[in-house]
Amino acid sequence: MTFSSNSVIDLSSNHFKGSLPYISSNVTLLDLSNNSFYRSISHFLCYKMNEPKKIQLLNLEKNNLSEKIPDCWMKRDKLKALNLGNNNFTDSILASIESLTLLMSLHLYNNKFSGNLPSSLRNCEKLVTIDVADNEFSGSIPSWIGHRCSSLMILSLRSNNFHGHIPEELCALTSLQILDLSHNKLFGHIPRCVKNLSAMATKNNSNHHMNFNLPTYFYVKLSHLKGKICENSIILQLVKSIDFSMNSILGEIPKKVTSLQGLQSLNLSYNLLIGSISENVGFMGSLESIDFSMNQLSGQIPLSISSSTFLNHLNLSYNNLIGKIPLSTQLQSLNASSFFGNKLCRLPLTDNCSKNGEKPNNENKGSKYTGGLEVDWFYVSMALGFVVGFWSVCGPLLWNKQWRIRYFQFLDHKGYKFKGLIIHSIGIYEYGVSSYDHLRQSNL
């Protein structure tokens, strides 16, 4: 297919099938997404391989393309956006991709790519988006991403086989707004330097937005948030989110996470996190979604969560949380399953914090959760009362001889009087009995 210079071709969302067509080197934008093209792309990509190509945008998303990607990128050095997502490509990313030094958007999601992320990508220093989710990549997350991709705003490595620690170098990505490392084999702690993700520390404004300077009808895969895949044209503002779920991350949630005032979604579910939830989490003014479920978090739900204005999704289920669920319209309107698997009470749970008129276990039996360190003050007051009463009476008798003598003289005197009273009472009783017997015999 031959076209005039700087041509734009958009044949997306049709029913084309078969092999990809040969395309002229003059085309600057090519969108063949959402069709039924299949087989290899070798003939398409390597056509007139030594002839410079003007193409800046290539979208082959949502087809049935397969096999390896050929090593034919060298003459496509003007490419700014590449979307090969949702196909059946295999093997690794080839080294010749390093020639794409102007590349800003790379979408390889939902394929069968494997191996390590190639170090050749470090030459693509203008990258704003890296989306390689739902593949079979392995190895550790490369630290060079933090050093060489300083403009990165979206990093999605979700659903791969990455392992090892989360590299602290990622904290240098001050423009990052979407960080998705979920569904991998990561372990270790959440880096405390996460507070350095400054784009997430500020609320959405004109200083942090997506800007490709590209036609807005070029669609790209953007993000995965709240269980939904979102496809958007190039937009000005992104949903700021961190997703580390479904890994083996240890330790406590860094308190500095709460300094990310622009963060809108935080998902740390299905890990091995311990400790309490920071009281400041409720002061994250932009937060709309929190998922800390399936961890080992303890303590109480921070009261500050009840003041979260924008919070519409909260899942704290299956932890070791105790106490009352804070009162707020948002929290009491949530599904009860958001709090299952804890020792919590109050709506939306059916436990109303009372049992047979007593306070709930998490209030008057805290020793169950704190190793017996809490005290029942009723029994303490009884013991103190006994000690004070005993020494108030017996103390002076032990230490003052004259008081002791007078006290026992007093008891002797009272004892004699009591003895006389008893003898007198017995005499009256015997007189009454004898009088009754005499009267009875007279009547007979």
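First residue of the sequence shown? That's 2 in our numbering, and the numbers climb one at a time after it.
Just so you know, even glycine gets a beta-carbon here, dropped at the ideal spot from N, CA and C.
Taking 8 Å as the cut-off, the Cβ atoms of L177 and L153 count as close. A Cβ-Cβ separation of about 13 Å leaves L273 out of contact with S299 under the 8 Å criterion. Ranked by how close their Cα comes to the Cα of W74, the residues K63, L101, N84 and W145 have L101 in first place. In its chain, beyond the 5 residues on either side, F138, S139, G140, S141, I142, L182, N185, K186 and L187 have a beta carbon closer than 8 Å to the beta carbon of F163. Taking the CA atoms as reference points, C47 sits about 43 Å from N197. If you look at R347, you'll find it isn't in any alpha helix (DSSP H); DSSP assigns it neither H nor E. When C-alpha distances from N343 are compared across I302, G19 and L335, the shortest belongs to I302. Cβ contact annotation for L80 (same chain, cutoff 7 Å, sequence separation greater than five): I56, Q57, L59, L101, L103 and L104, in chain order. For H314, the enclosing beta strand (DSSP E) stretches over residues H314 to N316.
Among the bridge pairs identified by DSSP, E68 is matched with F90. In this chain, the alpha helix (DSSP H) harbouring G147 covers W145 to R149. Secondary structure at R123: helix, using DSSP grouped into helix, strand and coil. Minimum Cα-Cα distance from P192 among the listed residues I167, L174, N336 and H108 corresponds to I167. Within the same chain, Cβ atoms closer than 6 Å to the Cβ of H314 are found at S290, the five residues on either side in sequence being excluded.
Secondary structure note for H44: its alpha helix (DSSP H) is the uninterrupted segment S43 to L46. The three-state secondary structure of F340, taken from DSSP, is helix. At a Cβ-Cβ threshold of 8 Å, H108 and D132 count as neighbours.
With a beta-carbon spacing of about 18 Å, A173 and G263 fall beyond the 8 Å limit used to define contacts. Membership of A202 in the alpha helix (DSSP H) is indicated by the continuous run S199 to A202. Note that the C-beta distance between F38 and N64 is below 8 Å. With contacts defined as CB atoms closer than 8 Å, E62 and G86 qualify as a contacting pair. By the C-beta density criterion, T351 is exposed, having fewer than 16 other C-beta atoms within 10 angstroms. Under a 10 Å Cβ-count criterion, G324 is classified as buried, with 16 or more other Cβ atoms of the shown protein chains found around its own Cβ. Between the alpha carbons of L345 and L322 lies a distance of about 7 Å.
N117 is not a Cβ neighbour of F90, given a cutoff of 8 Å. Secondary structure at S294: coil, using DSSP grouped into helix, strand and coil.
Between S277 and the set F311, F17, F293 and S13, the nearest pair of CA atoms involves F293.
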